[in-house]
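Residue numbers (full-length UniProt numbering): 1 to 442.
Here it is as structure tokens:
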């Protein structure tokens, strides 16, 4: 409490004002407004004995040593690629290590330039003209693409078509984004892991606002009919949204070449697999520039005619009239985008392509090994794969997953008789041990 009798700037009531409000609602104090059970109510003591830093570190290490030491062959949207230590060292510099948005260009030219380079990399990888400088993750990017389609497409209806095989979390976020609109989400069938294009053609009509497809798919298959999907969407005036990731983009066909209007996904660069935190990609055509969510970094000149970077065309509801806003995204992933740009620059064009090629060959090599095991068919889909693939098993997939965990390996069980394996450069050295373990439990 200050000398004036007022509280903090965030609750600036005087004691007299607080007392008057409590009297008006008939309670004695502010604590009476909260029903906090006694067993969780803070009594002023934490009950934790003080310890030195060394003792705390030793205690934590003892707990960590008791954890199971599992080699993860998990994927389905969360990928563990090796992140060079250079990324940590540079990203941890005080100029970068901040959650603050770069609103003041006069003090943030370095960070803004790095984000502009990140956008430029995405433009080169996708072939589309506009990239924003970060989204929360691939799921929120998909939701933003759907709302963009509803705003920008002059179609009669509001149907959004998504593949039958789609990560549950991604679908759930899309449903949340569209819950307050007139849009309806419908699934189109898959055939052997990829889009059933004939069924999609039968489903598409002029009331569709957006068609979403993925390459690679959630099961790791490489979608072979993207151009046809793009043409089908265009024939009916629907926006074609393609989901992918930063590593796959370096090897697979450029989205612009198959008719994609918007590209979304997770970067898969700059961070190891966290099972949660990621970085969303969002690129689109210049026609939709005024509809892009999030933030854009632009380049121009300062008063001395020097090259300068700044946030531009800001369309969040805190910047313009709410009814004209295209996004309410607040905290962005700028620092993670910075890390992704550093990682991509460290790899270089050839290194990024080489990493992507390893994602194809490593998955193929493991599938070949597993296919030689009795009771296992790998891959389950007769397709080309990127990074991951599914395996059909005679035994219960759930039982095999548990027994593989006992052998020291974590994999996905996605159906009664389907396992899914993901291989990157971080676990490729354990392929022999994994194959031996699968042979034991098959």
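Where a beta carbon is used, it is the ideal one built from N, C-alpha and C, also for glycine.
Reduced DSSP category for residue i - H, G, I as helix; E, B as strand; rest coil
i	result
residue 19	helix
residue 162	strand
residue 208	strand
residue 245	strand
residue 142	helix
residue 419	strand
residue 150	helix
residue 136	coil
residue 2	Any answer about residue 2 is weak, because its pLDDT of 43 lies below 50 and its placement is not dependable; what the coordinates show is given next. The answer is coil: DSSP assigns residue 2 none of H, G, I, E or B.
residue 427	coil
residue 195	strand
residue 187	strand
residue 307	strand
residue 297	strand
residue 223	coil
residue 229	helix
Contact check, residue i vs residue j, beta carbons under 9 angstroms
i	j	result
residue 398	residue 379	no
residue 247	residue 311	no
residue 363	residue 388	yes
residue 241	residue 261	yes
residue 215	residue 253	yes
residue 114	residue 239	no
residue 433	residue 373	no
residue 336	residue 279	yes
residue 139	residue 167	yes
residue 404	residue 428	no
residue 435	residue 375	no
residue 412	residue 273	no
Residue nearest to residue i in terms of C-alpha spacing, selected from the options
i	options	result
residue 281	46, 27 and 264	264
residue 339	14, 81 and 11	81
residue 189	213, 181, 26 and 180	213
residue 93	110, 105 and 427	110
residue 416	425, 392, 182 and 306	392
residue 208	161, 58 and 192	161
residue 141	250, 123, 173 and 105	173
residue 369	60, 423, 237 and 414	423
residue 430	360, 193, 71 and 307	71
Integer Cβ distance of residue i from residue j, believed to fall under 8 angstroms
i	j	result
residue 384	residue 390	Not really, about 14 angstroms apart at Cβ, beyond 8 angstroms.
residue 334	residue 126	That pair is no contact at about 20 angstroms.
residue 135	residue 341	Not confirmed; about 15 angstroms, so no contact.
residue 402	residue 286	Not quite, the Cβ-Cβ distance comes to about 51 angstroms (not below 8 angstroms), so this is no contact.
residue 235	residue 195	About 16 angstroms separates the two Cβ atoms, so there is no contact after all.
Would you list, in sequence order, the uninterrupted alpha helix (DSSP H) runs of no fewer than 4 residues that lie entirely inside the region 342 to 411?
-> 397 to 406
Every unbroken beta strand (DSSP E) within the region 259 to 292, with a cutoff of 3 residues, ordered by chain = 262 to 266 and 280 to 284
Counting only runs of 4+ residues fully inside the region 49 to 132, write out the alpha helix (DSSP H) ranges in chain order.
-> 53 to 65, 85 to 91 and 109 to 126
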